[in-house]
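Counting in the working numbering, the sequence shown runs from 1 upward without gaps.
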Amino acid sequence: MAKLIYTAITSLDGYIEDEAGNFDWAAPGEELHAFVNDLERPIGIHLYGRRMYETMTFWETVSTDPEQAAVVRDYAQIWRAAHKRVYSRTLEAVSSARTRIERDFDAEAIRQLKHSSGPDISVGGPELAAAAFRAGLVDECHLFLTAIAVGGGKRALPAGLRISLEPIDQRSVGTGVVYLHYGVRS
């Protein structure tokens with residue numbers, strides 16, 4: 001059975017973007033990028049909310065020419081190879097291959113997907129992840145805490161929901177970033 005994995009680069013105070021919607025402070029350095037590439041390599045399907053999908057479509061068009069950084073070329077290939085599902089009621093069309101739109105989040109359909117999928121599945125975007133957490137679907141979290149506090153914005157983990165986590169791994173990755181890998185207790 002495939003695992004559903006939530007990955008987020010967060011500020012130390014738990015936000016993926018600040019109150020103005022900025023997340024430039026979360027841009028990964030080469031070491032962190034390579035580490036994330038290795039985590040994402042076995043993912044077969046990405047589940048995204050509309051805003052996260054629109055951010056990630058950069059990887060559909062980024063150049064894979066030799067002058068591009070190796071970690072960027074690598075991630076572009078990883079991302080393009082995976083299937084994507086975008087959960088949106090407003091998105092009219094997708095702008096990437098291997099992508100389809102889902103109008104509603106259906107927890108039972110995701111449960112069935114986990115049972116039928118060989119490779120693991122990622123959920124991206126805090127609002128979609130919150131729905132998956134509330135439905136008891138998330139199996140693991142990969143959190144990258146950066147050395148900045150932004151004071152507010154969009155939370156990485158859902159407010160008002162108690163989530164019991166079991167530590168699996170932790171380490172420093174790159175300059176000022178701590179990787180925390182947790183299993184979600186049911």
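Quick reminder that beta carbons are idealized off the backbone N, C-alpha and C, glycines included.
Everything numeric in this text was worked out from a predicted model, so none of it was measured.
Where residue 42 and residue 70 are concerned, what is the direct C-alpha to C-alpha distance, given to the nearest angstrom? Taking the first residue of the sequence shown as 1, we reach residue 42 at position 42. Taking the first residue of the sequence shown as 1, we reach residue 70 at position 70. The straight-line gap from Cα to Cα measures roughly 18 Å.
Whose C-alpha, out of 163, 84, 11, is nearest the C-alpha of residue 26? Sequence index remark: in the sequence shown, residue 26 carries index 26 (1-based). Residue 11 is the option with its Cα nearest to residue 26.
Can you confirm whether the stretch 143-150 touches the stretch 110-119 when touching is taken to mean that 3 or more C-beta pairs between the two stretches lie within less than 8 Å? no
Helix, strand or coil: how does DSSP classify residue 114 here? Position 114 of the sequence shown holds residue 114. If DSSP states are grouped into helix, strand and coil, residue 114 belongs with the helices.
Using 9 Å as the threshold, is the C-beta distance between residue 200 and residue 176 below it? Outside the shown range of the chain (1 to 186) lies residue 200, about which nothing can therefore be said.
Are the CB atoms of residue 181 and residue 124 within a distance shorter than 9 Å? Residue mapping note: residue 124 aligns to position 124 of the sequence shown, counting from 1. Residue mapping note: residue 181 aligns to position 181 of the sequence shown, counting from 1. Cβ distance not < 9 Å, so residue 124 and residue 181 don't count as in contact.
Go through its chain and collect everything with a Cβ distance to residue 3's Cβ below 8 Å, but skip five positions before and after it. Start at 1 with the first residue of the sequence shown, and residue 3 comes out as number 3. Around residue 3: 114, 120, 121, 139, 140.
Apply the 10 Å Cβ neighbour rule to residue 18 and answer buried if 16 or more other Cβ atoms are within range, or exposed otherwise. As a position in the sequence shown, residue 18 is number 18, starting the count at 1. So residue 18 ends up on the buried side.
Tell me the DSSP secondary structure of residue 94 in three-state form. Sequence index remark: in the sequence shown, residue 94 carries index 94 (1-based). It is coil, neither helix nor strand.
Residue 30 in three-state terms, based on DSSP: To locate residue 30, count along the sequence shown from 1; it is residue 30. If DSSP states are grouped into helix, strand and coil, residue 30 belongs with the helices.
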